[in-house]
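Worksheet: one structure, shown below.
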Amino acid sequence: MPVHYPFSAVLGCQADDLDDMGLALVLTTISPEIGGVLVRGEKGTAKSTAVRGLAAVLPSISVYAGDRFSIDPADPSAESPDGPFGSAAVEESRPVRLVELPVGATEDRVVGSLHLESALSRGAVEFEPGLLARAHRGLLYVDEVNLLHDHLVDLLLDAAAMGRVSVERDGVSVEHAARFVLIGTMNPEEGELRPQLLDRFGLTVEVAAPRDPALRAEVVRRRMAFDLDAPAFVERYEAAERDLTARVSTARALVGKVRLTAPGLLKIAEVCAAFEVDGLRADIVTARTAVAHAAWAGRSEVTREDIRRAALLALPHRRRRNPFDAPGLDEDLLDRILGDEELPPEPPEGGPSDDSEDNSGAEGDRVGLDTPPPSGSGGSTSDEDGSTDQQPPVEPASEASAQPDGHSETNTAGSAGESVTAAATAYRPRLLTVTGLGMGRTGGRSKAIGSSGRRIGASVSTRGSLHLVETLKAAAGKQGARDRTSAKVELRIEDLRTAVREGREANLVLFCVDASGSMAARKRMAQVKAAVLSLLLDAYRRRDKVGMITFRGEGAELVLPPTGSVDLAAARLDEVPAGGRTPLAEGLLEAARVLQREHLRDPDLRPLLVVVTDGRANSKTHGKEAVRRSQQAAAYVAGLGVTTVVIDSESGPMRLGLARQLADHLGAEHVPVAEVSAEALTSAVHGFTGSTMGRGAA
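The opening residue of the sequence shown carries number 5 in the numbering used here; numbering runs sequentially from there.
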């Protein structure tokens, strides 16, 4: 059994002074209904080490011997597909499991599927439990959760919310409990989670390496001591680990007795409304976290400090308005809402208090977490999953968080003749795709053969989801040649057929942006940046990797190497100045170098090259020479066989049509910048159809 680094050694503090990561992990194990934890941070910040150490400090659980689904013997309503278990069934105690879900796991491995060995050897239909069944009453850990396929993330979060898994596939019909604490870790530089998935995590914390040299030295000292003699190092922290285990057990016993008063619940609602969070999930999670924090502190009633700590963990990731807004919480505003005074006592039963006309929310000594909010506080209505119509905010979240509808036009850059122009408002762009069928990781852009999507056929393979009908068809024609001892169909390995599915893949979207002086004319750069920003937003939603090259002056520059972090691309786009000559050939050749290098790193990641230019070419060489070199570079890029789109930034009544000529040399699709918008494309199609119908009628 592997020896994990002690949880208390990772945190570097006592139980009374946990940092945000340690506190979030502990609170979600005290009250699993909180919904799990997402830990975001740069590489090398002990995210995975802390999660793996957490399981060791959790109290053991009781299970039935041989039960693969780990139901609770003390729960008379619990049912296991391996049951029923009578009064004579043997019970045993075992540690809480930490189940790690690999990024490359298949759907049948996660939820379970037909037991192939039993089906092939005995013709029996048996269910092989998946990782969700194994994680029941334990921890399910997903490292690099932002790289997990979207359909698996949806499946995990649905199971975490419902507490059950239903499997209807391959002739198997099984339902079992799956209550676990979902913990995800990620490095934001490698890409973000979609906002709707981010919201499903109960708590989130940001971690970073300490900047204090003394603390960094202590971390290194402990790690080297662990590597030198792991058992001795773990023994040094046994007392601290036992104290944590005892305190978690005490808090679990107390959490059901903690009182969340009506004034406390109202204060939570005020905080969530002031920060303009969407829906009511934030209110529910904050309330549950505050109750768990009070139990962790040994209190029987939620206090102002409990609400403050809960809000700092439950709200930052729910305030994001678009993919490029950084998560965070204005602590000064939070303190102003909570005030300096402790929460007022709950009004006595039997009538309204002296300073309030309506005390309908203070019935009884304890307010349930599912108690409906008082009417008259915004007129919103909520649905079953906690979502709600938008409510008017109590007060603005902060001046810094306000997003203007428009942008400033031009700011002078450092160099003479250069300017930095902000992008105009982003919009929904048309879908740009790579031609053909790929085999890359699951995404939302181009067609691909993969593990998800509609079933279009079958293949001879033992990997992937079983295509039962095709397997039986393959075996049916061979039954006469096999010495069968019964009427059952005899299946062999060579009969296996797996499903071939057509879905969508993510791509590498490489932007090659003209930042020369001609782009600064007529405010073209604002329109170009709006188009690129819109395509970046689209790439974010479709799980693409993005990179960016700019060319101006005397050469081209890779301002953003291919990355999964679209936030970085948006930041680089804001900083791009415009001015100088147009070295188009250098830009295209730099794009070719980047594409060739990325193909060596990941051959399955198909690229989409987006060249944004007006087609002009001039540099320190003669004008005709610059044009000739750009044509040669375009022919070289075309020879790579890369799907390319030229976004034509030329505008005005007098147009040279050079970008269209460049598209011809590249073998690329030509798209005027005004038609990048999906709405503009739809209008153009409708207009063309209407004019054609009119001419036909005439």
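C-beta: ideal position from N, C-alpha, C; glycine also.
query: Starting from His-669, trace the alpha helix (DSSP H) in both directions and tell me its first and last residue.; result: 662-670
query: First and last residue of the beta strand (DSSP E) that includes Ala-69?; result: Taken as a continuous stretch (DSSP letters only), Ala-69 belongs to no beta strand (DSSP E), as it is neither H nor E.
query: Excluding the 5 residues preceding and the 5 following Asp-387 in the sequence, name in chain order all residues of the same chain whose CB lies nearer than 8 Å to its CB.; result: Its pLDDT being 43, under 50, Asp-387 is placed unreliably in this model, and the coordinates cannot settle the point.
query: Using C-beta distances below 7 Å, list every residue in its chain close to His-8, excluding the 5 sequence neighbours before and after it, in chain order.; result: Arg-56, Gly-57 and Ala-60
query: Whole angstroms are fine: how far does the CA of Thr-475 sit from the CA of Gly-661?; result: 57 Å
query: Measure the C-alpha to C-alpha separation of Leu-201 and Val-157 and round it to an integer number of angstroms.; result: 8 Å
query: List the DSSP bridge partners of Asn-622.; result: Thr-586
query: Mapping DSSP to helix, strand and coil, what is Glu-172?; result: strand
query: For the candidate residues Leu-470, Glu-498, Ser-469 and His-471, whose alpha-carbon lies nearest to that of Lys-482?; result: Glu-498
query: Measure from the C-beta of Met-443 to each C-beta in chain D and report whether the shortest distance is under 8 Å.; result: In the structure shown, chain D cannot be found, because there is only a single protein chain.
query: So, under 8 Å CB-CB, Leu-31 and Thr-293 are touching, yes? Tell me the CB distance rounded to an integer number of Å.; result: 6 Å
query: Excluding sequence positions up to five away, which residues of its chain have a Cβ less than 7 Å from the Cβ of Gly-380?; result: Its pLDDT being 40, under 50, Gly-380 is placed unreliably in this model, and the coordinates cannot settle the point.
query: Can you pull the DSSP bridge partners for Pro-433?; result: Ser-681
query: Would you kindly work out how many angstroms separate the C-alpha atoms of Glu-629 and Leu-593, rounded to a whole number?; result: 16 Å
query: When the Cα of Glu-345 is compared with those of Val-281, Lys-271 and Leu-284, which residue comes out closest?; result: Lys-271
query: So, for Asp-24: in the same chain, excluding its five sequence neighbours on each side, which residues have a beta-carbon less than 6 Å away from its beta-carbon?; result: Val-209
query: To which residues does DSSP link Lys-451 through a beta bridge?; result: Arg-508
query: Within 10 angstroms of its Cβ, does Glu-172 collect 16 or more other Cβ (buried), or is it exposed?; result: exposed
query: In chain order, what residues of the same chain have a beta carbon less than 8 Å from the beta carbon of Leu-15, not counting five sequence neighbours either side?; result: Leu-22, Asp-23, Met-25, Gly-26 and Ala-54
query: What span of residues does the alpha helix (DSSP H) with Tyr-544 cover, start to end?; result: 528-545
query: Determine which residues share a DSSP beta bridge with Tyr-515 and list them.; result: Checking the displayed sequence, the identity of residue 515 turns out to be Phe instead of Tyr. DSSP, once it has assigned bridges, lists Met-552 and Val-614 as partnering Phe-515.
query: Between which two residues does the beta strand (DSSP E) holding Gly-461 run?; result: 458-463
query: Who are the near neighbours of Arg-44 in its chain, counting only those whose CB is closer than 6 Å to its CB and skipping five residues on each side?; result: Met-190, Pro-192 and Glu-210
query: Per DSSP, His-674 forms a beta bridge with which residues?; result: Val-650
query: Which class does Glu-196 belong to by DSSP, given the choice of helix, strand or coil?; result: coil
query: Taking just the CA atoms, how far does Glu-222 sit from Asp-595?; result: Correcting the residue identity first, residue 595 is Ala in this sequence and not Asp. Cα to Cα, Ala-595 sits roughly 45 Å from Glu-222.
query: Of all the options Val-464, Gly-591, Pro-63 and Arg-508, which has the alpha carbon lying nearest to the alpha carbon of Pro-99?; result: Pro-63
query: Taking the DSSP output, what are the residues bridged to Leu-470?; result: Thr-502
query: Ordered along the chain, which non-local residues of its own chain (more than five positions away) have a Cβ less than 8 Å from that of Ile-460?; result: Val-504, Arg-505 and Glu-506
query: Using DSSP's beta-bridge definition, name the partner residues of Leu-562.; result: Ile-553
query: Which value, in whole angstroms, describes the spacing of the CA atoms of Ala-543 and Arg-432?; result: 11 Å
query: Terminal residues of the continuous beta strand (DSSP E) containing Asp-147?; result: 143-147
query: Whole angstroms is fine: what's the gap from Cys-17's alpha carbon to Pro-214's?; result: In this predicted model, Cys-17 has a pLDDT of only 48, less than 50, meaning its place in the structure is not dependable enough to derive any value.
query: Which two residues bound the contiguous alpha helix (DSSP H) that contains Gly-26?; result: 24-34
query: Do Val-616 and Asp-518 count as a contact pair if the criterion is CB distance below 8 Å?; result: yes
query: Between the alpha carbons of Ala-93 and Gly-87, how many angstroms are there, rounded?; result: 10 Å
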